[in-house]
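**Q** Mind looking over this structure? Questions follow.
Here it is as structure tokens:
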């Protein structure tokens, strides 16, 4: 049983104390998150833990002196840095303590230092700043309860400004098909499920961290996600009316589950479809899909969690490179490179450790 599986970490304070107790005892550093002391060790779990250990060492070595991480085709990037930070947090490491404490703190500070006047968390303007912003805001929401006192006010302020921008972008007038969702720009008048997913996770995590997130924002997002469900509740597509894919079905399931729509017909139907049409390693956006299918199906539990966990482990463990990294080989992810893929692979493999608040069931 992974450390933390049955521990009550509902409050930000207790979660931080719990993780810090593990670090002080030397357990967090010995992880990534192994079994409880004295418990039998599953040989497969040893393989997973070893893969995560090598991946974190790769990420630590890849961090730039300023505290950021770079994505191959994009340079220094708030989203890449935020994914790397979350990978360390998901494995049980905390800011300022243990072997990766300074890596985490420097990454968080770098992201906060690149917040624009309107609250946007982005290093370089691109065609899709809301994508990077959503990932970065999620990271701050996950980290705000773990940072030390010196950084608490900085992170809280950056998080609140980031959430305000997400709420502002959702309020842009759109037609009924796109209402409640998000697209690449703050003022976009359409929406897609991929960008929407990161904003939904950010809102949910921020609300759990004590930020003011109006219920109507969550309700509007739920309505949009459900409109992306394919007729007959057979998965989710990129936009309302689009065909389903395993990658986006994982996104839709995760969004509804974190918003409290447990066992909604769209969720259960999508999960049943996903069991019969699982994610493949040659899928476009495989690593993004591994993260979302891993989180979403784990929240459903039962056969959904078990079968998906086994599938993802097989796919990811066989694809890890000798240096501890993962490298996208197919489709649009290829240009993002190793930091991107490695961070998402770690996040997918650590779902059942339950260290990140968003992983709690």
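In full-length UniProt numbering, the protein residues as written are 1 to 361.
Every residue, glycine too, gets a C-beta built ideally from N, C-alpha and C.
1) Would residue 270 and residue 235 qualify as a contact pair, given that the criterion is a beta-carbon distance under 9 Å?
2) Quick one: Cα of residue 319 to Cα of residue 173, how far?
3) Taking its Cβ as the centre, do 16 or more other Cβ atoms sit within 10 Å of residue 98, making it buried, or is it exposed?
4) For residue 106, which of 72, 75, 143, 129 has the nearest alpha-carbon?
5) Check residue 182 in the structure and name its three-state DSSP category.
6) For a test of the three-state rule: what should DSSP assign to residue 343, helix, strand or coil?
7) Are residue 346 and residue 62 close, meaning C-beta to C-beta below 9 Å?
8) According to the Cβ coordinates, are residue 151 and residue 336 closer than 9 Å?
9) Residue range of the alpha helix (DSSP H) that residue 358 falls in?
10) Closer than 8 Å by C-beta to residue 58: which residues in its own chain qualify, once you throw out the five before and the five after it? Chain order, please.
11) Name, in chain order, the residues that DSSP records as bridge partners for residue 76.
12) Is the beta carbon of residue 159 closer than 9 Å to that of residue 209?
13) Quick one: which unbroken alpha helix (DSSP H) runs of 4-plus residues sit fully inside the stretch 133-206? Chain order, please.
14) Could you tell me which residues DSSP pairs with residue 236 in its beta bridges?
15) Is the stretch 75-83 touching the stretch 122-137, taking contact as three or more C-beta pairs under 8 Å?
16) Which residues in the same chain have their Cβ closer than 7 Å to the Cβ of residue 256, if we skip the five residues on either side of it in sequence?
**A** Taking the coordinates as given:
1) One-based indexing of the chain shown puts residue 270 at position 270. One-based indexing of the chain shown puts residue 235 at position 235. Yes, the Cβ-Cβ distance between residue 270 and residue 235 is below 9 Å.
2) Position 319 of the chain shown holds residue 319. Position 173 of the chain shown holds residue 173. The alpha-carbon atoms of residue 319 and residue 173 are separated by roughly 44 Å.
3) Stepping through the chain shown from its first residue, residue 98 is reached at position 98. With 16 or more Cβ atoms within 10 Å of its Cβ, residue 98 is classed as buried.
4) Residue mapping note: residue 106 aligns to position 106 of the chain shown, counting from 1. Residue 106 has its Cα closest to that of 143, out of 72, 75, 143, 129.
5) Numbered from its first residue, the chain shown carries residue 182 at position 182. Correct three-state label for residue 182: strand.
6) Against the chain shown, residue 343 aligns to sequence position 343. Three-state DSSP puts residue 343 in a helix.
7) Here residue 346 corresponds to residue number 346 of the chain shown, with the count starting at 1. Here residue 62 corresponds to residue number 62 of the chain shown, with the count starting at 1. Not in contact: residue 346 and residue 62 (Cβ atoms no closer than 9 Å).
8) Numbered from 1 along the chain shown, position 151 holds the residue referred to as residue 151. Numbered from 1 along the chain shown, position 336 holds the residue referred to as residue 336. Not in contact: residue 151 and residue 336 (Cβ atoms no closer than 9 Å).
9) Counting from 1 along the chain shown, the entry for residue 358 is found at position 358. Looking at the DSSP string, residue 358 is not in any alpha helix (DSSP H), and its letter there is neither H nor E.
10) Stepping through the chain shown from its first residue, residue 58 is reached at position 58. So the list reads 323, 324, 325, 338, 342, once near-sequence residues are dropped.
11) As a first step, residue 76 is located in the chain shown; it is residue number 76 there, counting from the start. In the DSSP output, where bridge partners are listed per residue, residue 76 has 70.
12) The sequence position of residue 209 within the chain shown is 209, counting from 1. The sequence position of residue 159 within the chain shown is 159, counting from 1. Closer than 9 Å, so yes.
13) 149-170
14) Taking the first residue of the chain shown as 1, we reach residue 236 at position 236. Partner(s): 229.
15) yes
16) Against the chain shown, residue 256 aligns to sequence position 256. Hits under 7 Å: 222, 225, 264, 266, 267.
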